[in-house]
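Encoded as structure tokens, the structure appears first; notes follow it.
Numbering (the numbering used here), first residue to last: 3 to 460.
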């Protein structure tokens, strides 16, 4: 498994397949020689443009010299001045490489700067080592603006272009495009055709012999890839530092990409495209394990300032998988409102039924109590003078009475009962004028509970 340590903050975005560009061929050293094709190692013919060195600076007087190139154009290979015939050639800002002035001029009147770009795939320490000669004096050799050569003083000494000066410097460079620039001034003499240019033989190499330089024949659009990287490798994501402005990271191998901070596994991109966070064994394209990372008991997944939208309702099963319910939110709201309305109607119906049940239960309870009240058969029966009627009244709300009527229904006796429980009523026959059958009843709260008959004999 390839372990990736995020040295600086990086953003993970859903994008087309990573590393869609051509991998960059890399080398451990690069030839920067002037007048020499870095790809074929062939010398460039005289008066032809050097494909690698570009004129990036011209003083006004140099720009006015007949035959001078304009800024941004390639430097020209000019006739050699005794040095570098077999391995490199002189370059200048014009084909001839020499020109004359009408009079002697100040030191910094005629000058030009030529720049050579090269590309680096990964941060490394690099050695710049080359032989250098110029006419007439060099004020700067820099790499990305950093001087690697001490300025020369103006001189009319002709040995400037007959003797090489060795240059050696070490710099640490990061991934991206870098530039080596050389600034050379002439010291023209009145009415004399004076050479003006420089020659550089050598180049740049990785101090550790790493293949961290992009080869000269690499396409303009390619991606830096390391196949020989072990588990000790890591990527540094530091702004927009990938060639072409494409900050992508990943692997072209079949390895998973593990995400580590503070020497602890945090997540993983599997070679099947599954992304796990707080789990190293994801089972979905996005698998987040929320256990153990929120002491406050809050959710470990947070969305902030979400925009309002429409769509289907998401559901989560007991395993935590999220699904599209295929139920639009609007339909769900309508169905829930219909259910709420139906529930309101049901509650009304249930309340009505409850009230009716309360009435029925109350009546049933009363009936039970009424049925528990009763009359005994009078004694003696038949009777001549008096007779006794035993009774039992369990309860009453308003009144309880024993009523005696004759055969025609005329009321003879209406005795009020004032206490619940068992009692005895003695009936005097004084109000009963003739022999016959009489009826007596127990009436509680207007309801006849029990009725019996008795016989009077005179």
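Each residue gets a CB set at the ideal place from its N, CA and C atoms; glycine is no exception.
Name the residue from 56, 351, 395, 278 whose alpha carbon lies nearest to the alpha carbon of residue 72.
-> In the chain shown, residue 72 corresponds to position 70, counting from 1. Of 56, 351, 395, 278, the smallest CA-CA separation from residue 72 is found for 56.
Mind listing, in chain order, the continuous beta strand (DSSP E) runs of no fewer than 3 residues lying wholly within the segment 66-100?
-> Runs found: 76-79.
Indicate the three-state DSSP secondary structure (helix, strand or coil) for residue 185 in the structure shown.
-> In the chain shown, counting from the first residue as 1, residue 185 sits at position 183. When DSSP states are grouped into helix, strand and coil, residue 185 belongs to the strand group.
Assign residue 349 to one of two classes, buried (16 or more other C-beta atoms within 10 Å of its C-beta) or exposed (fewer than that).
-> Numbered from its first residue, the chain shown carries residue 349 at position 347. When all chains shown are included, residue 349 counts as exposed.
Compute the distance between the beta-carbons of residue 444 and residue 355, then report whether it is under 8 Å.
-> As a first step, residue 444 must be located in the chain shown, where it is residue number 442. As a first step, residue 355 must be located in the chain shown, where it is residue number 353. Result no, Cβ atoms of residue 444 and residue 355 do not sit closer than 8 Å.
CB-CB under 7 Å to residue 428, same chain, minus the five flanking residues each way: which ones, in chain order?
-> Your numbering for residue 428 matches position 426 in the chain shown. Contacts found: 388, 390.
If residue 80 and residue 210 are in contact, beta carbons under 8 Å, what's the gap, nearest whole angstrom?
-> The count along the chain shown starts at 1 and reaches residue 80 at position 78. The count along the chain shown starts at 1 and reaches residue 210 at position 208. Contact flag wrong, Cβ pair sits at about 37 Å.
Counting along the chain, where does the beta strand (DSSP E) carrying residue 151 start and finish?
-> Within the chain shown, numbered from 1, the residue matching residue 151 stands at position 149. Where residue 151 is concerned, there is no enclosing beta strand (DSSP E), because DSSP gives it neither an H nor an E.
Find out if the Cβ-Cβ distance for the pair residue 134, residue 175 is shorter than 8 Å.
-> Against the chain shown, residue 134 aligns to sequence position 132. Against the chain shown, residue 175 aligns to sequence position 173. Taking the C-beta atoms as reference points, residue 175 is found no nearer than 8 Å to residue 134.
What is the DSSP secondary structure of residue 2, reduced to helix, strand or coil?
-> No answer is possible for residue 2: the residues shown for the chain start at 3 and end at 460.
Helix, strand or coil: how does DSSP classify residue 123 here?
-> Within the chain shown, residue 123 is the residue found at index 121, counting from 1. For residue 123, the secondary structure class from DSSP, reduced to helix, strand or coil, is coil.
Less than 8 Å separating the beta-carbons of residue 225 and residue 26?
-> Position 223 of the chain shown, counted from the start, is the residue given in the question as residue 225. Position 24 of the chain shown, counted from the start, is the residue given in the question as residue 26. Taking a C-beta distance under 8 Å as the contact criterion, residue 225 and residue 26 qualify as a contact pair.
Selection from 32, 438, 279, 114 that minimises the alpha carbon distance to residue 206 = Looking up residue 206 in the chain shown gives position 204. For residue 206, the closest of 32, 438, 279, 114 by C-alpha to C-alpha distance is 32.
Using three-state DSSP, classify residue 275 as helix, strand or coil.
-> Here residue 275 corresponds to residue number 273 of the chain shown, with the count starting at 1. For residue 275, the secondary structure class from DSSP, reduced to helix, strand or coil, is coil.
Straight-line gap, residue 375 to residue 436 (C-alpha atoms, nearest Å) = Here the question's residue 375 lines up with position 373 in the chain shown. Here the question's residue 436 lines up with position 434 in the chain shown. Residue 375 and residue 436: Cα-Cα distance of roughly 30 Å.
Hey, would you say the C-beta of residue 351 is under 7 Å away from at least one heavy atom of the ligand HEM?
-> The model on display carries no ligand, and the ligand HEM is accordingly not part of it.
Would you mind working out which of 440, 338, 432 sits nearest residue 409, comparing C-alpha positions?
-> For the purposes of this step, residue 409 is identified with residue 407 of the chain shown, where counting begins at 1. Nearest C-alpha to residue 409: 440.
Using a Cβ-Cβ cut-off of 6 Å (strictly less than) and excluding sequence neighbours within five positions of residue 103, which residues of its own chain qualify?
-> Looking up residue 103 in the chain shown gives position 101. Cβ within range, chain order: 190.
Starting from residue 440, trace the beta strand (DSSP E) both ways and give me its first and last residue.
-> Position 438 of the chain shown, counted from the start, is the residue given in the question as residue 440. The continuous beta strand (DSSP E) containing residue 440 extends over residues 438-446.
Compute the beta-carbon to beta-carbon distance between residue 28 and residue 213, rounded to the nearest angstrom, for a pair I have assumed lies under 8 Å.
-> The count along the chain shown starts at 1 and reaches residue 28 at position 26. The count along the chain shown starts at 1 and reaches residue 213 at position 211. For residue 28 against residue 213, the beta-carbon gap comes to about 4 Å, under 8 Å, which counts as contact.
Give me whichever residues DSSP pairs with residue 357 in a beta bridge.
-> Counted from its first residue, the chain shown places residue 357 at position 355. For residue 357, which the question treats as bridged, DSSP gives no partner whatsoever.
Going straight from the alpha carbon of residue 273 to that of residue 256, what length do you get?
-> Taking the chain shown and counting its residues from 1, the one referred to as residue 273 is at position 271. Taking the chain shown and counting its residues from 1, the one referred to as residue 256 is at position 254. Between the alpha carbons of residue 273 and residue 256 lies a gap of roughly 6 Å.
Spatially closest choice to residue 386 from 357, 430, 401, 351, by CA coordinates = Position 384 of the chain shown holds residue 386. Comparing Cα-Cα distances from residue 386 to each of 357, 430, 401, 351, the minimum goes to 430.
Less than 8 Å separating the beta-carbons of residue 180 and residue 146?
-> The residue labelled residue 180 in the question sits at position 178 within the chain shown. The residue labelled residue 146 in the question sits at position 144 within the chain shown. The Cβ atoms of residue 180 and residue 146 sit closer than 8 Å to each other.
Give the range of the beta strand (DSSP E) segment to which residue 202 is assigned.
-> Locating residue 202 in the chain shown gives position 200, where the first residue counts as 1. Run containing residue 202: 199-208, per the beta strand (DSSP E) assignment.
For residue 413, which of 421, 419, 404 has the nearest alpha-carbon?
-> By 1-based counting over the chain shown, the position of residue 413 is 411. Between residue 413 and the set 421, 419, 404, the nearest pair of CA atoms involves 404.
Less than 8 Å separating the beta-carbons of residue 35 and residue 204?
-> Here residue 35 refers to the residue found at position 33 of the chain shown. Here residue 204 refers to the residue found at position 202 of the chain shown. It is a contact, given that the beta carbons lie within the stated cut-off.
Report the rounded CA-to-CA distance for residue 454 versus residue 433, giving the unit in angstroms.
-> Reading the chain shown from its first residue, position 452 is the one you call residue 454. Reading the chain shown from its first residue, position 431 is the one you call residue 433. Distance between the alpha carbons of residue 454 and residue 433: 19 Å.
Starting from residue 58, trace the beta strand (DSSP E) both ways and give me its first and last residue.
-> For this step, residue 58 is matched to residue 56 along the chain shown. In the DSSP assignment, residue 58 falls within the beta strand (DSSP E) that extends over 51-60.
Whether residue 115 touches residue 157 by CB criterion (8 Å) = Looking up residue 115 in the chain shown gives position 113. Looking up residue 157 in the chain shown gives position 155. No. Outside cutoff.
Distance, residue 300 Cα to residue 347 Cα = Stepping through the chain shown from its first residue, residue 347 is reached at position 345. Stepping through the chain shown from its first residue, residue 300 is reached at position 298. Per the coordinates, the alpha-carbon of residue 347 lies some 39 Å from the alpha-carbon of residue 300.
Would you kindly check if the distance between the Cβ of residue 290 and the Cβ of residue 271 is under 8 Å?
-> Looking up residue 271 in the chain shown gives position 269. Looking up residue 290 in the chain shown gives position 288. No.
How big is the Cα-Cα spacing for residue 164 and residue 83?
-> On the chain shown, residue 164 is found 162 positions in, with the first residue counted as 1. On the chain shown, residue 83 is found 81 positions in, with the first residue counted as 1. Distance between the alpha carbons of residue 164 and residue 83 is about 7 Å.
Cross-strand partners of residue 25 (DSSP beta bridge) = For the purposes of this step, residue 25 is taken as residue 23 along the chain shown, with counting starting at 1. In DSSP, residue 25 forms a bridge with 225.
Alpha carbon to alpha carbon, how far is residue 324 from residue 308?
-> Locating residue 324 in the chain shown gives position 322, where the first residue counts as 1. Locating residue 308 in the chain shown gives position 306, where the first residue counts as 1. The straight-line gap separating the alpha-carbon atoms of residue 324 and residue 308 is approximately 19 Å.
Do the CB positions of residue 70 and residue 60 come within less than 8 Å of each other?
-> For the purposes of this step, residue 70 is identified with residue 68 of the chain shown, where counting begins at 1. For the purposes of this step, residue 60 is identified with residue 58 of the chain shown, where counting begins at 1. Going by C-beta atoms, residue 70 is nearer than 8 Å to residue 60.
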